[in-house]
Structures are given as C-alpha cells and as structure tokens.
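Residue numbers (the numbering used here), protein chains in the order written: chain A, 1 to 253; chain B, 254 to 561. Structure first, then comments.
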Ligand SMILES: Cc1cc2nc3c(=O)[nH]c(=O)nc-3n(C[C@H](O)[C@H](O)[C@H](O)COP(=O)(O)OP(=O)(O)OC[C@H]3O[C@@H](n4cnc5c(N)ncnc54)[C@H](O)[C@@H]3O)c2cc1C
Ligand SMILES: Cc1cc2nc3c(=O)[nH]c(=O)nc-3n(C[C@H](O)[C@H](O)[C@H](O)COP(=O)(O)OP(=O)(O)OC[C@H]3O[C@@H](n4cnc5c(N)ncnc54)[C@H](O)[C@@H]3O)c2cc1C
C-alpha cells in the first residue's frame with residue numbers, strides 16, 4: 001500500500017513568537033521554520049511501516065509557500081519516496097485553513113489511492129487540531145485520532161488513542177486517516193548521505209487550481225494580540241514561608 | 254437562532270466541561286439545546302436539563318454512541334444540524350475528535366478551542382501555544398466550535414429544560430470500540446480541579462513521582478505532569494498539561510521540577526496562583542510564578558507534605 005503523509009512548514013517550536021505591532025498577525029519574517037513536530041512523527045511511522053513490509057511507497061505533501069520544499073526535502077531525507085508541493089500562496093503569513101487543506105488532500109488521494117494517511121494531531125502554529133478529522137469526513141473514511149500505538153492487521157487497524165481519561169483502543173477499517181500523537185515514536189534524524197540522496201528524489205509542483213480547490217478562508221483574522229502578561233512574583237526563602245504566603249497572602253490554602 | 258451543544262459525559266454523569274460550554278453558548282445568542290448521545294444516558298440528560306440557560310435536551314440512546322466514536326456521532330449531529338446556527342462542544346479529546354468531522358460534513362471551517370465569544374460570528378482563540386490571541390470572524394452559515402473549558406465559568410444548576418428522545422442516525426460502520434484503559438482515581442479531574450500539583454523531568458523516576466501524589470492527597474489536588482515526565486514514563490499520558498495536552502486554570506498550580514517550556518506554560522499560565530519549585534534559579538518557570546522556591550525538590554516536597 002501507499003502511505004500519504006501531509007507535512008506542514010511551521011515556525012520552529014523553539015522560537016519565541018512575536019505579535020506584530022499592527023495586530024495583523026505574528027512576525028514570520030526571518031524566523032526559523034521547521035517541519036511541524038507531529039508531522040515528523042507521522043513520517044517516522046510511515047517509514048517504520050515500510051521497513052516492516054506493510055507499506056510500499058511513502059508520498060509526502062505540503063501545501064503552502066514555495067519554501068515548503070525544504071520541509072518536503074527533510075521528509076525525503078528521513079526516508080519518504082516522493083513529494084508533492086502544492087503552492088497555495090506566495091506569502092508565508094497566508095496560512096491555508098484545514099478545510100481547504102483537506103479538500104486538496106482529498107483530490108490527491110483520489111489520484112494516488114493510498115491505503116493510509118498519517119497526519120499530525122495538530123500544527124503547532126495555529127493549533128487547530130482539525131485537518132485529519134476533516135479529511136476523513138470528506139473521504140467517508142474512519143478516523144483514528146491522537147494515536148500512540150498502531151497495529152495494522154489486514155484490512156483493519158488497531159489503534160491506541162491518547163484521550164482525556166487515559167487510553168482508548170479502537171479498530172478501524174482500512175483505508176483510514178490516522179492523526180499521530182507525541183508518544184507514537186521518536187523520529188529519526190536524517191543522515192548526511194540520505195540528505196544528499198533526497199535531493200534526487202522526485203518532487204512535483206502543483207497549485208490548488210490543478211485540483212479545482214478554492215482556498216479562500218472561511219475565517220478572517222480580525223486581530224492578533226499579545227496574551228495578558230503575568231506580573232512577576234516573589235522568591236520565597238523556605239517551604240514554611242511558602243505555605244504561610246499561600247495561606248495569608250494568596251488565600252488559596 | 255439556536256445552539257446545539259454536544260454534552261461530554263461517561264453515560265452516567267455529566268462532565269463539568271458541558272456546563273462551561275453552556276456559558277460560552279449563552280454569549281452566542283439563541284436557545285440552547287443539549288445533545289446527550291450515549292448508551293442508556295437518560296440520567297445524564299436529566300442532569301443536563303438542570304443547567305441554567307438550557308431550553309431543551311435531546312437524548313439519543315444507542316450503543317453506537319456509548320464510546321464516543323466519531324463516525325456515528327458526527328452522522329447523528331449532522332442529521333440534527335438543520336435547525337441550528339451554532340454547533341458547539343467542549344474542547345475535550347472527544348470534542349476535538351468529533352467536531353472537525355462534523356464541520357467538514359457541513360462544509361464549514363471548525364473554530365477550535367475558543368477562549369472568548371465576541372458575538373455570534375466572532376471568537377477569540379489562542380494560537381502559537383497561547384503566545385498570541387487571534388480574534389477570528391467566521392463567514393460560514395453554520396459555526397462549528399469547540400470551547401476551552403478553562404476560559405469559562407460553569408453555568409449554574411437552576412434550570413428545568415424538557416428532555417426529548419431523538420432517534421439514532423444510521424451508523425456508518427467504519428470503526429469499532431475495543432477497550433478503554435482508564436486508571437480509576439479518587440483525585441479530582443485535572444481540568445476541573447481547584448488545585449493541581451505537577452511534576453516534571455526533575456522528579457527523576459516513576460517511584461519518585463509518588464512523592465507528588467502524596468502532597469496532592471494532602472492538598473486535595475489533581476496531579477499533572479510535563480511532557481518530559483510523561484515521555485519518560487513517570488506519569489500516564491492523561492496527566493500531560495500543555496499546548497498538546499490539557500489546558501488547566503486552577504486556583505493553585507504547583508510546578509515541581511518543571512523548567513517552564515512555552516509548550517508547558519501554554520497549558521497552565523492562566524492559573525490564578527502559580528508556585529514553582531525548581532533547583533535552578535534561572536528556570537523560565539520562575540518568570541510566570543507568583544511564588545518561587547529555589548530548592549531541591551527531594552528536600553522541599555517532604556517538608557511541604559509535613560507543613561500542610
Ligand atoms: C496570523 C494568522 C493569519 C492567518 N491568515 C490566514 C489567511 O490569510 N488565510 C487563511 O486561509 N487562513 C489564515 N489563517 C488561518 C489559519 O491559518 C488556519 O486556521 C490554520 O491553518 C489552522 O490549521 P493548523 O495548521 O493549525 O491545522 P491542524 O489541523 O492543527 O494541522 C494538523 C495536521 O494537518 C496537516 N496539515 C495542516 N496544514 C497543512 C499544510 N498546509 N500542508 C500539509 N499538511 C498540512 C499536517 O499533517 C498537520 O500536522 C491565519 C492564521 C493566523 C494565526
Ligand atoms: C510538538 C511539541 C509539543 C509539546 N507539548 C508539550 C505539552 O503539551 N506539555 C509539556 O509540558 N511539554 C510539551 N512539550 C515539551 C516541552 O518543549 C519541554 O520539553 C517539556 O515541557 C520539558 O519538561 P520538563 O520541564 O519536565 O523538563 P526539563 O525541561 O528537562 O526541566 C526539568 C527541570 O527540573 C529541574 N530539576 C531537576 N532536578 C531537580 C531537583 N532535584 N529539584 C528541583 N528541580 C529539579 C531542572 O532545574 C529543570 O528546570 C512539547 C514539545 C513539542 C516539540
């Protein structure tokens with residue numbers, strides 16, 4: 001089976017984001033961008049399925065600016081086989097909404113016929129946690145979200161999900177969409193030889209129009225603000241002083 | 254105008270997140286109808302009918318809804334959606350699982366994890382791990398929304414809405430529940446607890462993590478953890494507080510052996526009083542703490558337990 005993995009280029013998780021003074025968004029000029037960490041986990045899972053003989057080909061897709069090529073090359077260097085870049089905008093600040101991303105991915109699935117789609121649970125920039133669920137709805141497929149363990153057995157997959165109360169095990173029909181959670185695996189680093197090899201792996205470039213998808217947003221950003229800052233507290237000298245202050249000053253004990 | 258609100262429950266009791274979501278729904282305008290879907294969930298429907306501001310409770314009893322599977326629940330909600338302008342759910346793992354599916358089936362863009370309502374179509378939501386707050390306006394005919402519980406107070410319980418049975422929708426039959434692995438605990442639930450004590454990598458081991466639990470029991474607190482503590486196996490996954498775990502806002506949050514990475518702060522920085530215990534005085538957690546104690550946790554925690 002083919003495995004499709006959508007990978008998003010996002011602000012690196014170590015970067016401290018700054019809200020722009022005109023409140024139009026977050027400053028993305030000259031900041032370090034990386035593959036969404038959850039998507040690294042999804043790529044890793046696809047590679048492990050291939051290594052276990054359960055997948056033949058791994059196709060990675062990114063939807064965004066031309067520079068998303070770097071994210072795709074990174075996935076190819078990890079071990080994906082080929083890439084599709086959908087150039088949807090020329091401005092890094094125009095993010096594409098999960099519904100539009102899901103519609104483009106649906107068109108790609110109709111062409112490529114993968115047996116499994118592995119998506120990150122959430123993108124760490126907009127934190128929507130939506131794309132995988134929306135895609136499985138559009139496909140009429142089952143969804144296995146927040147996966148921390150995946151076992152594929154014939155035409156079914158048994159998936160352990162991280163939920164509020166602990167873990168839930170479900171069985172879904174294949175093909176399906178899985179969204180991956182933090183503890184599914186630890187992604188590998190790309191080795192230098194693999195980074196070199198990745199440069200020769202195929203990468204197609206498309207546009208949303210090629211798939212007949214309108215990416216205009218349904219949500220307009222009215223403004224983006226700094227969250228209220230907490231005021232600095234005090235350093236206490238001992239456990240006794242701490243307990244005393246929590247009782248008398250803060251009134252929480 | 255009316256709001257359809259998906260109740261969060263375990264087939265016997267209504268989760269507190271539902272009452273908080275009712276408060277958010279009140280600001281959207283219109284009647285509020287709660288949907289209780291589950292197996293034998295009549296008792297839950299009665300509890301939901303008591304929430305202030307609720308005009309009707311729809312009760313869909315079917316075993317297909319007993320384990321919160323997204324496909325049958327989304328089919329049910331989409332079947333009922335015709336009468337509503339807003340379809341909302343708490344931003345629990347269930348809400349996050351089900352609502353984007355509902356939205357896509359209605360060709361709407363889901364609005365995840367809102368922290369304020371500015372009008373029927375305008376909402377505030379945290380982005381970039383809570384380092385920015387976006388105000389977004391939806392142009393969709395039906396707004397499909399999940400609500401961050403930590404940002405809203407629970408609605409009161411003086412109501413007496415009518416309860417109506419609704420028929421189950423056809424089950425798409427795409428998935429099956431196998432089992433839940435839930436650890437029963439007498440401690441309060443993280444997202445509704447008034448006090449929380451969380452441990453990080455500094456705890457060093459699963460055994461040491463028990464020191465946190467002892468203090469928690471003295472405080473009547475829930476226990477949380479950083480991702481590092483969960484990844485290292487010191488604490489179960491459902492303890493994780495943060496951008497990609499649970500978002501909490503208790504009256505008291507005590508962070509022990511947690512450095513204060515932005516992803517952790519995203520989940521707890523709206524707590525009323527924050528206490529940090531860390532041996533590194535430079536740890537970023539001290540920048541958000543109301544009370545900081547620079548100390549070795551293995552020395553401080555037993556003293557704290559004794560002092561309470
Ligand atoms: C400052 C700001 C400005 C904005 N401006 C606009 C705008 O002008 N136009 C607009 O349409 N929206 C805009 N948005 C809206 C915002 O971009 C969407 O709400 C956003 O994309 C949310 O989705 P997510 O990336 O968090 O998706 P999630 O659903 O959290 O992503 C989950 C997974 O889906 C996959 N995925 C998601 N996106 C992609 C992708 N592009 N390529 C490949 N895989 C992907 C990945 O596997 C990812 O892990 C803006 C948002 C902000 C904060
Ligand atoms: C995609 C993504 C999502 C993430 N989501 C989350 C999330 O939801 N929640 C989350 O928490 N993290 C999340 N993280 C991880 C986050 O970036 C940090 O790595 C994590 O929070 C660190 O955990 P920690 O503070 O326990 O560990 P560390 O950063 O290692 O800090 C340990 C602290 O313990 C102190 N310490 C050690 N020994 C002692 C002692 N004896 N006495 C007192 N203090 C001691 C040290 O001084 C140090 O400050 C995420 C990361 C990524 C990339």
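Glycine residues also receive a C-beta, built at the ideal position from the N, C-alpha and C atoms. Please read these numbers as outputs of a predicted model, since none were measured by experiment.
Item                                                                                                                       : Value
Cβ neighbour criterion (16 or more within 10 Å) applied to residue 276 of chain B                                          : buried
Reduced DSSP secondary structure (H/G/I, E/B, other) of residue 475 of chain B                                             : strand
Distance between beta carbons of residue 255 of chain B and residue 336 of chain B, contact taken as under 8 Å             : 6 Å
Rounded separation between residue 64 of chain A and residue 288 of chain B - CA only                                      : 38 Å
Any non-hydrogen atom of ligand 2 closer than 7 Å to residue 496 of chain B Cβ                                             : yes
Residue 302 of chain B at chain A interface by Cβ criterion, 8 Å                                                           : no
Counted within 10 angstroms of its Cβ, other Cβ atoms place residue 431 of chain B as buried (16 or more) or exposed       : exposed
Reduced DSSP category for residue 413 of chain B - H, G, I as helix; E, B as strand; rest coil                             : coil
C-alpha gap between residue 311 of chain B and residue 72 of chain A, whole angstroms                                      : 47 Å
Residues sharing a beta bridge with residue 114 of chain A, DSSP                                                           : In the DSSP output, where bridge partners are listed per residue, residue 114 of chain A has none listed.
Exposure of residue 434 of chain B, with buried meaning 16 or more beta-carbon neighbours within 10 Å                      : exposed
Test: residue 428 of chain B CB closer than 8 Å to a CB of chain A                                                         : yes
Below-8 Å beta-carbon distance, residue 543 of chain B vs any chain E residue                                              : No chain E appears in the structure shown, which is made up of the protein chains A and B.
contact_flag[the segment 392-409 of chain B, the segment 291-301 of chain B] where n(CB pairs < 8 Å) is 3 or more          : no
Segments of 4+ residues assigned as alpha helix (DSSP H) that fall wholly inside the segment 466-514 of chain B            : 480-484
Three or more C-beta pairs below 8 Å linking the segment 415-425 of chain B and the segment 317-329 of chain B             : yes
Cβ pair residue 178 of chain A, residue 116 of chain A closer than 8 Å                                                     : yes
Residues bridged to residue 173 of chain A (per DSSP)                                                                      : A:156
Residue of B:559, B:493, B:304 minimising C-alpha distance to residue 634 of chain B                                       : Residue 634 of chain B cannot be examined here, being either before or after the span of chain B that is shown, 254 to 561.
Amino acids of chain B, ordered along the chain, whose beta-carbon sits closer than 7 Å to that of residue 130 of chain A  : 353, 363, 365
Span of the beta strand (DSSP E), counted from its first residue to its last, around residue 78 of chain A                 : Here residue 78 of chain A belongs to no beta strand (DSSP E); instead the alpha helix (DSSP H) covers 68-78.
Amino acids of chain A, ordered along the chain, whose beta-carbon sits closer than 8 Å to that of residue 380 of chain B  : 26, 125, 126, 127, 224
Interface residues of chain B facing residue 166 of chain A [CB-CB closer than 8 Å]                                        : 433, 434, 435, 436, 489, 490, 491
Those runs of the alpha helix (DSSP H) which lie wholly inside the segment 199-250 of chain A and span at least 4 residues : 239-248
The segment 12-30 of chain A contacting the segment 81-90 of chain A, beta-carbon criterion three pairs below 8 Å          : no
Boundaries (first-last residue) of the alpha helix (DSSP H) holding residue 352 of chain B                                 : 346-358
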